[in-house]
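K.L.:
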Amino acid sequence: MTTFVDTSAWLALLDGRDEMHRDAAETLRGLEGQSLVTHNYVLVEAAAIAHRRLGGAAARDLLEDLVPISTVIWVEEGTHQAAVSAFLAAVRRRPSLVDWVTFEVMRRHVIGTAFAFDRDFVNQGFQTIP
Numbered sequence: 090m091t092t093f094v095d096t097s098a099w100l101a102l103l104d105g106r107d108e109m110h111r112d113a114a115e116t117l118r119g120l121e122g123q124s125l126v127t128h129n130y131v132l133v134e135a136a137a138i139a140h141r142r143l144g145g146a147a148a149r150d151l152l153e154d155l156v157p158i159s160t161v162i163w164v165e166e167g168t169h170q171a172a173v174s175a176f177l178a179a180v181r182r183r184p185s186l187v188d189w190v191t192f193e194v195m196r197r198h199v200i201g202t203a204f205a206f207d208r209d210f211v212n213q214g215f216q217t218i219p
């Protein structure tokens, strides 16, 4: 099974004070040996938030220690444009543009499950873990 790792999961893994940290760590242990993927927009978003909230060391931990356990999908122009169109058509605060890119990546790569703490995935027809 391939599982997409969302920004919310990366951040919960990084921050021991996050209310979802324990669930995130247990979930990651349960996914050991399985295929994990993310995309470069998620990494930019997660690194920026980690740096702002937790400092440079946390951003480094993300990029040097956590990200290597996953395969990074590089968003190409067609995926980006499809996500922008969906984002603009939605005209509401949520989901974010990065979320729309994620939904498009998951559909194009036939990934049905996200390691995420974001209910927008369920609203888009995906399963979430934990």
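Here this note's numbering is used: the first residue of the sequence shown is 90, the next is one more, and so on. Ideal placement from N, C-alpha and C gives every residue a C-beta, glycine not left out. Bear in mind the structure is a predicted one, so any value in this text is a computation, not a measurement.
How far does the beta strand (DSSP E) with Phe204 in it reach, from first residue to last?
P.N.:
Counting along the chain, the beta strand (DSSP E) containing Phe204 begins and ends at Thr202 to Phe204.
K.L.:
Let me check understanding here. Comparing Cα to Cα, which of Ala171, Val194, His128 and His140 lies closest to Val36?
P.N.:
Residue 36 lies beyond the residue range present for the chain, which begins at 90 and ends at 219; the question has no answer from this structure.
K.L.:
Quick check on Ser124: buried or exposed, where buried means 16 or more other Cβ atoms within 10 Å of its Cβ?
P.N.:
So Ser124 ends up on the exposed side.
K.L.:
Taking 8 Å as the cut-off, does the region 138 to 146 touch the region 164 to 178 (at least 3 CB pairs, one atom from each stretch)?
P.N.:
With a cut-off of 8 Å, the region 138 to 146 and the region 164 to 178 do not count as touching, because too few Cβ pairs lie within range.
K.L.:
Please classify Ala179 as buried or exposed, where buried requires at least 16 other C-beta atoms within 10 Å of its C-beta.
P.N.:
Exposed, because fewer than 16 other Cβ atoms sit within 10 Å of the Cβ of Ala179.
K.L.:
State yes or no: is the C-beta of Asp95 within less than 7 Å of the C-beta of Asp207?
P.N.:
Yes, the Cβ-Cβ distance between Asp95 and Asp207 is below 7 Å.
K.L.:
According to the Cβ coordinates, are Phe192 and Gln216 closer than 7 Å?
P.N.:
Result no, Cβ atoms of Phe192 and Gln216 do not sit closer than 7 Å.
K.L.:
Taking the alpha carbon of Gly167 as the reference point, which residue from Asp154, Leu152, Ser185 and Val190 has its own alpha carbon closest?
P.N.:
With distances taken between Cα atoms, Gly167 lies closest to Val190.
K.L.:
Between Tyr130 and Val187, is the Cβ-Cβ spacing less than 7 Å?
P.N.:
Yes, the Cβ-Cβ distance between Tyr130 and Val187 is below 7 Å.
K.L.:
Looking at the unbroken alpha helix (DSSP H) that takes in His140, where does it start and where does it end?
P.N.:
Segment Asn129 to Leu143, the alpha helix (DSSP H) holding His140.
K.L.:
Restricting to Cα atoms, I'd like to know which of Glu108, Leu100 and Leu117 is closest to Thr91.
P.N.:
It is Leu117 whose Cα lies nearest to the Cα of Thr91.
K.L.:
For Glu134, which residues in the same chain have their Cβ closer than 6 Å to its Cβ, ignoring the five residues on either side in sequence?
P.N.:
Closer than 6 Å at the Cβ level, and outside the excluded window around Glu134, lie Thr96 and Val187.
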